[in-house]
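Only one structure is covered here, and it is reproduced in the block below.
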Amino acid sequence: MAGKSGRTITNVPEKSLKKTLFCWEGMLVVLFILINIFCAGISQSYQFSNVLREMPKYLTEMFLLFPMAFILVLGEIDISVGATVCLSATMTCMASNKGLPFGMVILVALLVGTVCGLVNGLILTNFQELPPMIVTLGTQIVFRGIAEIALGSGGSISLTNADGFRMIAGKVGIIPYIFFVVIIMAVLFSVVLAKTTFGRSVYAIGSNRLAAYYSGIHVQTIRLIIYTVMGFMAGLAALFLTSVLYGANTTTGNGFEMDAIAMAVFGGISTSGGKGRLLGGIISGFTIICLRIGLGQINMNPQLILIILGILLILAVLLPNISAKLNVKKKA
Amino acid sequence: MKENKSVLKKITDSREASLLIVLIVLCIVISLRSPSFMTLKSISDMLKNNAVIMIMTLGMLGVLLIGGIDISIASTLAFSGMSVGMLMKYGMVQNTFVLFLIAIGIGALCGLLIGLIISRGKVLPIIATMGFMYIYRGLAYIIANSQWASAENLGTFKDFALGSVLGVNNVIIVMVICYIIFFIVMKWTKIGRMVYAVGSNREAAQISGINTANVELLVYTVMGTLSGLCGALAVSIYSSAQPNMLYGREMDVIAACVIGGVSMTGGRGSVAGALLGSLILAIIAKALPLVGIEAIAQNTVKGVIILVVIVLNVITQRMMDKNNLKGREM
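Note that the protein sequences, when read in sequence, are chains A and B.
For the first sequence, numbering that gives the first Met the number 0 begins at 0 and goes up steadily by one.
For the second sequence, numbering that gives the first Met the number 0 begins at 0 and goes up steadily by one.
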């Protein structure tokens, strides 16, 4: 690829065993194994089958992680997803209780989520000056507010007929269906982000929006699609969450957006955009889930678990920065 | 050219003036619907109940001005408030003044830690404060140890929010003092102007000799200090200390700033704007039940209002830019 100036430009990074091991994903895999050993050490009941049984509840957050990674790579943020899950779960329960066939119920869940995402996307693409944080803050309050109105004074709803939901909460052997759905989605989103024109455009927008725009990338269309997909996935998460909880209330999905962002950031996806791979996010997602299950099994105070997660999150970002600083000093 | 600029144009040009008009119109409409709104007692109650949000809006103003964000404030508040509550409950400290100092101290330490991580560790503010949101809230639960401090535990401490000087409630006095200090500091001191400089153009500020990292550290510490103060105030106002105090209300604080015209990208915003923004939010919350909107729909209305305000803001900004360009062509 010799250019006019005679310089050779290579954008294929060299591959070596050392690099693979010491990259962020490699470290995460090591951490994942260490945490599993640690959990097995502290809890007798931390066994494969038990972990799989507990997993569906936590795996719903993974659905949010995939599109959130896209949004973070764009250099943006969406804090309305928790509220979207809440609204979608509420509507799903209501549709099911109205006696609609289960196919329609699924449709309702996905549709409500998609519409919420579309609303975010339309506001953000029509008024590009607005920071996503503020818009999604506003829609977060609105979505949860609508759910509150729909739920009425009781503030909660439970399924009267959970047959369909029991079906999607089923298992193949000991592995729940949701596990397969997550894996399929993980592969799908990873391939789209890493290997397709669409995915590379997302990186381009995240690195330099103006440059991306002038090189002919439809920035606003891509943003609209991503926010809509975010809503769709929130709907899917709501569907599976309902199959675990058999109901919804006004606090359903509280903090989901933060968990999804934390998983992504811990996986090496930068919130300033343009950096990170979905693979890291997926590994870190599973790591956090395993840690939560393990600590939950020894009945650790859930608040203490949150503190540990908070510290891990900050360390995950702080450590590379510090080591980079030290490297610069060494070279100087 | 100057004479041509009519009074009306001046008013629409200034963000604070247009906010003031919105505020006045809101007040008139509400008092037409419900005469009880414009009484001194009702306004004083409203200010007292929103004092916590209004004071924290000041700190958030500083943080947003340098282009940062802090979503850990409600957790810092809970942590310091819960500390005060537990100290009272177990009778370790009874003096109101000392308790306030302790709360402010805890808040300042919390803020200092956040500031260090952000300014020295170069961690993005949203990530760092998200982590600390978990950590401080968790600490609040842990020192609570599944207990909570109720009115009878709080003895003389809760009297602070009931007492008044010259007919003005203590809480409102604290708030007014905070606003006056901030107004003076932001407008007329070197530190205040440094904050604006860093927010408008960080590199330029650095080159002109401002230690940007220290300015960053300062605003987060101030934010923490105010959150700590508000922790003590909240315990006194609601005469109870619970670890889930003001859960999620950091968003209200950010919303108040944004409505008040503080830019999320830094460099733009004023104390007057923050005051008007938080007042508008407080009045809306107070007015919704008065004009007959059910409690259950209030969040939706609040969210819609935030969205409408920010969208209107963009539209007026676009119109202003267009007008400015027109002037240039001629």
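Glycine residues also receive a C-beta, built at the ideal position from the N, C-alpha and C atoms.
These numbers come from a predicted model, not from an experiment.
Terminal residues of the beta strand (DSSP E) in which residue i lies
i	result
residue 156 of chain A	155 to 157
Residue i, buried or exposed, once every other Cβ within 10 Å from all chains shown has been counted against 16
i	result
residue 134 of chain B	buried
residue 187 of chain B	exposed
residue 100 of chain A	exposed
residue 196 of chain A	exposed
residue 323 of chain A	exposed
residue 160 of chain A	exposed
residue 187 of chain A	exposed
residue 228 of chain B	buried
residue 75 of chain A	buried
residue 47 of chain A	exposed
residue 208 of chain B	exposed
residue 203 of chain B	exposed
Minimum Cβ-Cβ distance from residue i to chain B less than 7 Å
i	result
residue 60 of chain A	no
residue 270 of chain A	yes
residue 317 of chain A	yes
residue 140 of chain A	yes
residue 145 of chain A	yes
residue 294 of chain A	no
residue 332 of chain A	Nothing can be reported for residue 332 of chain A: it is not among the residues displayed for chain A, which extend from 0 to 331.
residue 24 of chain A	no
residue 336 of chain A	Not covered by the structure: residue 336 of chain A. The range shown for chain A is 0 to 331.
residue 93 of chain A	no
residue 207 of chain A	no
Anticipated Cβ contact below 8 Å, residue i with residue j, distance rounded
i	j	result
residue 61 of chain A	residue 246 of chain A	At roughly 21 Å, the Cβ-Cβ gap does not stay under 8 Å, so residue 61 of chain A and residue 246 of chain A are not in contact.
residue 265 of chain B	residue 64 of chain B	6 Å
residue 68 of chain A	residue 263 of chain A	5 Å
residue 218 of chain A	residue 208 of chain A	6 Å
Cutoff 7 Å: residue i Cβ touching any chain A Cβ
i	result
residue 67 of chain B	no
residue 210 of chain B	no
residue 303 of chain B	yes
residue 219 of chain B	no
residue 318 of chain B	no
residue 14 of chain B	no
residue 1 of chain B	Residue confidence is low: residue 1 of chain B scores 46 on pLDDT, short of 50, so the model does not pin down where it sits. No coordinate-derived value is stated.
residue 306 of chain B	yes
residue 85 of chain B	no
residue 296 of chain B	yes
Reduced DSSP category for residue i - H, G, I as helix; E, B as strand; rest coil
i	result
residue 332 of chain A	Nothing about residue 332 of chain A can be read from this structure; chain A reaches only from 0 to 331.
residue 70 of chain A	helix
residue 242 of chain B	coil
residue 174 of chain A	strand
residue 164 of chain B	strand
residue 264 of chain B	coil
residue 53 of chain A	helix
residue 214 of chain A	coil
residue 205 of chain B	helix
residue 80 of chain B	helix
residue 46 of chain A	coil
residue 309 of chain B	helix
residue 322 of chain A	helix
residue 299 of chain A	coil
residue 320 of chain B	helix
residue 106 of chain B	helix
residue 177 of chain B	helix
residue 170 of chain B	helix
Boundaries of the alpha helix (DSSP H) in which residue i is found, first to last residue
i	result
residue 30 of chain B	14 to 32
residue 288 of chain B	270 to 289
residue 115 of chain A	101 to 125
residue 263 of chain A	255 to 265
residue 189 of chain B	189 to 199
residue 42 of chain A	No alpha helix (DSSP H) holds residue 42 of chain A; DSSP gives it neither H nor E.
residue 47 of chain B	39 to 64
residue 147 of chain A	131 to 150
residue 218 of chain B	211 to 237
residue 144 of chain B	No alpha helix (DSSP H) contains residue 144 of chain B, which DSSP labels as neither H nor E.
residue 249 of chain B	249 to 258
residue 89 of chain B	Neither: residue 89 of chain B is in no alpha helix (DSSP H) and is coded neither H nor E.
residue 162 of chain A	162 to 167
residue 270 of chain A	From DSSP, residue 270 of chain A is part of no alpha helix (DSSP H); its letter is neither H nor E.
residue 205 of chain A	196 to 206
residue 81 of chain A	80 to 96
residue 156 of chain B	Element bounds for residue 156 of chain B: n/a, residue is neither H nor E.
Any non-hydrogen atom of the ligand ZN closer than 6 Å to residue i Cβ
i	result
residue 47 of chain A	With respect to the ligand ZN, the structure shown offers nothing to examine, as it has no ligands at all.
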